Amino acid sequence: MTSPVLGPTPVGVGPDASRMRQVVTRLAGDEFAGRRVGSPGGRAAALWLAEQLRAAGATAVLDEFAVTGAVREVYATPQLVV
Numbered sequence: 281m282t283s284p285v286l287g288p289t290p291v292g293v294g295p296d297a298s299r300m301r302q303v304v305t306r307l308a309g310d311e312f313a314g315r316r317v318g319s320p321g322g323r324a325a326a327l328w329l330a331e332q333l334r335a336a337g338a339t340a341v342l343d344e345f346a347v348t349g350a351v352r353e354v355y356a357t358p359q360l361v362v
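For the sequence shown, the numbering used here gives the first residue as 281, with consecutive numbering after it.
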């Protein structure tokens, strides 16, 4: 006879909406200047995220790579045409 395999015991830790809002607000702020691929803002955002992950105990690695294909332009100011 075998015993059932028990999973981890929940400890009441869940998503923190306030913390998530702070992170999104920071990443969307002027400090990261849009986070565009290959831009200083994109690099700053990557470094900040890696730092946050390391502080949480994760292993974060930043790899350099060339973007060889087209990058869709999604940074134009939205316009409403009626």
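Even glycine gets a Cβ: it sits at the ideal position worked out from N, Cα and C. As the structure is a prediction and not an experimental result, all values here were calculated from the model.
6 Å CB neighbourhood of residue i in its chain, flanking five on each side removed
{"i": "Phe312", "result": "Gly321, Ala324 and Ala325"}
{"i": "Arg299", "result": "none"}
Pair within 8 Å by beta-carbon distance, residue i and residue j
{"i": "Arg315", "j": "Leu307", "result": "yes"}
{"i": "Val317", "j": "Val285", "result": "no"}
Rounded straight-line distance, which links the Cα of residue j to that of residue i
{"i": "Arg301", "j": "Pro358", "result": "23 Å"}
{"i": "Thr305", "j": "Ala336", "result": "19 Å"}
{"i": "Val362", "j": "Val293", "result": "47 Å"}
{"i": "Val351", "j": "Asp296", "result": "33 Å"}
{"i": "Leu342", "j": "Pro288", "result": "32 Å"}
{"i": "Leu360", "j": "Glu344", "result": "37 Å"}
{"i": "Ser283", "j": "Ala338", "result": "33 Å"}
{"i": "Gly309", "j": "Ser319", "result": "15 Å"}
{"i": "Gly349", "j": "Val303", "result": "30 Å"}
7 Å CB neighbourhood of residue i in its chain, flanking five on each side removed
{"i": "Thr340", "result": "Before going further, note that residue 340 is Ala rather than Thr in the sequence given. Taken in chain order, the residues that qualify are Ala330, Leu333 and Arg334."}
field: Segments assigned beta strand (DSSP E), at least 3 residues, entirely inside the stretch 295-343
entry: none
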